[in-house]
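Contents: one structure, followed by commentary.
Numbering (my numbering), first residue to last: 403 to 856.
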């Protein structure tokens, strides 16, 4: 049963238009939990009043229970729009669905899934292989419909039709991978205008001799005396035309994403995943590709010019700089106009926060698995620090450590946008229903309140 916003103090309405709105999703009790006898559902999550505190009884006296069972941690539900416990389609209708119209006019809508390991985050976003594609598939289908409508409405003024572009990045142990390119490892780089770019695998090309075009140099056979340059490809992005294309994107996510053993189950997602949909057209993609190609060549030219300051290399470097500036200006001019072009939907599956009480020697977990948990928890702490900095009232407290983690670097454009376009973000806190997870549920809710307080 989904609760009304009126059930919670200071809660916003489902259709609030602030930069952040937060929801709680309660997953069903699982079979193995029932087998363990964990059938009790946390009362506050079903709309009931919290149970009275247990009386303090000394160990050994009648009525004594272990402190872990006696703990009655209060659940901080203030600031949440509502508690959801329905199917993925129902969750989408209450969270992302009403906000996709922002994407259809060129804005950005993002959704973060957070919770402890085993709380159902990945199922919420990616669904399963049995036909439920989760919120990612629902959002993609919605965007395909809106793009079709926009193309019909703008048919008389647009020279090229709009289409949907998808990319997926994974952050595992502070390394970035491209899940649509066979999980190839990527790097994060800033371009000349301060924009973050995800760069893919590297390749070698010959440095262009004076007067020779860079594209001709790349096609030329390298000789033993040639000066080589190492350039990088951009992150893979695929064209999505149908529901089948969406299924292929989600299949790549499930197939290549890192999973492992957590404190709750053996197939836990051990990485963060960022799924990005963008409404583009051929002209915008071409302009961006020209800028990316020139950006990939510029570092090699800079190195060559530092070694040998010839006039030819200087002119080539100036030419590359102008090419990058012109291509970026062309893309920005396209995005400045009205319409759906440039609209984005970004869905983030944050890796499950894990318990810190595991003993590697006693539990059988390896040092590598322990390192995974440490990397996940540290990156989530970095995200929390960035949020606190964004909400700080004084300038001295407004520290934004986006560089402390790869996931915060990827999400900086969502948390602190600089382009002035309309933006709305959703925090969907996923929690397990059992009373035995009350403490972890309370921690998840407190974390999610950082988003709803903005």
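C-beta atoms are modelled at their ideal positions from N, C-alpha and C, and glycine is treated no differently.
Span of the beta strand (DSSP E), counted from its first residue to its last, around residue 586: 586-592
Buried versus exposed, by CB contacts within 10 Å (16 or more), residue 674: buried
Completely contained alpha helix (DSSP H) runs for the region 664-742, where each covers 4 or more residues: 684-709 and 713-738
Outcome for residue 498 when other beta-carbon atoms lying within 10 angstroms are tallied against a minimum of 16: buried
Where the beta strand (DSSP E) through residue 647 begins and ends: That residue, residue 647, is in no beta strand (DSSP E); its alpha helix (DSSP H) goes 645-658.
Status (buried if at least 16 other CB within 10 Å, exposed otherwise) for residue 734: exposed
CA-to-CA distance, residue 853 to residue 549, given in whole angstroms: 30 Å
Limits of the beta strand (DSSP E) - the one that residue 504 falls within: Looking at the DSSP string, residue 504 is not in any beta strand (DSSP E); the run it does join, the alpha helix (DSSP H), is 502-505.
8 Å contact criterion, which residue 749 and residue 831 should meet: CB distance rounded: Contact doesn't hold; Cβ gap of about 15 Å is too wide.
Bounding residues of the alpha helix (DSSP H) (the contiguous stretch that carries residue 814): 808-817
The beta strand (DSSP E) enclosing residue 568, as first and last residue numbers: 565-574
Those residues which DSSP pairs with residue 515 across a bridge: 751 and 830
Element boundaries [alpha helix (DSSP H), containing residue 775]: 769-793
Residue 726 versus residue 692: straight-line alpha-carbon distance, rounded: 7 Å
Separation of residue 695 from residue 722, as counted between CA atoms: 10 Å
For residue 484, the residue or residues it bridges with in DSSP: For residue 484, which the question treats as bridged, DSSP gives no partner whatsoever.
Reduced DSSP category for residue 431 - H, G, I as helix; E, B as strand; rest coil: coil
Residue from 478, 508, 541 and 487 whose Cα sits closest to the Cα of residue 500: 541
Contact under 7 Å by Cβ, residue 681 with residue 739: no
C-beta contact flag for residue 847 and residue 478 at 7 Å: yes
Cβ-based burial, residue 807 [other Cβ within 10 Å; buried from 16]: buried
For residue 476, the first and last residue of its enclosing beta strand (DSSP E): Where residue 476 is concerned, there is no enclosing beta strand (DSSP E), given that its DSSP letter is neither H nor E.
Close-in-space but distant-in-sequence residues of the same chain around residue 845 (CB under 8 Å, 5 per side omitted): 518 and 755
Beta bridge counterpart(s) of residue 580 as assigned by DSSP: 571 and 586
Reference residue 720; option with closest CA among 697, 731 and 736: 697
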